[in-house]
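Step one of this worksheet: look at the structure below.
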Amino acid sequence: MSTFEYVFSAIKGQQAGREFYISMCPLKIVPKLFLFEADEVPAELRSQRVVNKSRIPEISRYITTNRRNYIFSAITASIDRQVTFEKLVIDGKEQDDIGRLRIPLDARFILNDGQHRRAAIEEALKEQPDLGDETISVVFFIDKGLKHSQQMFADLNKHAQRPSRSTGI
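Take the sequence shown: its letter number 105 is residue 116 in the working numbering, and every next letter is one higher.
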């Protein structure tokens, strides 16, 4: 096991009897942390549909031309290793749900939701590297062996509806 790790400030939650964590991730880390499934993840571990590459420039342009008012929903990712949650202590009292999430450096992250946002962020950073210090929220689920990733993607997208054309990017 690796002694090196990623450390994120995080809030711990519970859903369907499973712990999950919400963290802020600098945009410059997003392309490095989350593999681009089509190219780098074996087919048996792919949890999402194939990326529609024509959407990437459109979303990237949305980011770069709306620097003062773009908005994203969270990226959702599965982690294939056990993590450690270190509770924050304030005035001598442990906070049960606020702390640091420690993730082994050799962990794999699979995006359950946000593949197009991840690719668009990577493109936007090439054009405007100063975007790198801005953040996006990430919801982390623990999924040893990534056994539940495909089902999570299906569940997250089961009831998704396309926004009306007037509100879409």
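The beta-carbon is built from N, C-alpha and C at its ideal position, and this holds for glycine as well.
Spatially closest choice to residue i from the options, by CA coordinates
i      : options                      : result
ILE114 : GLY28, PHE83, LEU44          : LEU44
ILE90  : VAL150, ILE67, LYS104        : VAL150
ILE74  : VAL18, PHE152, HIS127, PHE19 : HIS127
Buried/exposed call for residue i, threshold 16 Cβ in 10 Å
i      : result
SER34  : buried
LEU38  : buried
ASN123 : buried
ILE82  : exposed
GLN25  : exposed
Cβ-Cβ separation, residue j to residue i (assumed contact under 8 Å), whole Å
i      : j     : result
ALA135 : SER71 : 5 Å
LYS23  : TYR17 : Between TYR17 and LYS23 the Cβ distance is about 16 Å, and since that is not below 8 Å, they are no contact.
PHE19  : ARG79 : Wrong, their Cβ atoms sit about 26 Å apart, outside the cutoff.
GLY125 : THR87 : 6 Å
Residue i versus residue j - alpha carbon distance
i      : j      : result
ILE101 : ILE67  : 42 Å
SER148 : ALA21  : 10 Å
THR14  : GLN93  : 13 Å
LYS98  : LYS104 : 10 Å
ARG29  : ILE153 : 8 Å
ALA130 : PRO42  : 7 Å
LEU142 : ASN77  : 12 Å
*Counting only runs of 4+ residues fully inside the stretch 91–144, write out the alpha helix (DSSP H) ranges in chain order.*
126–138
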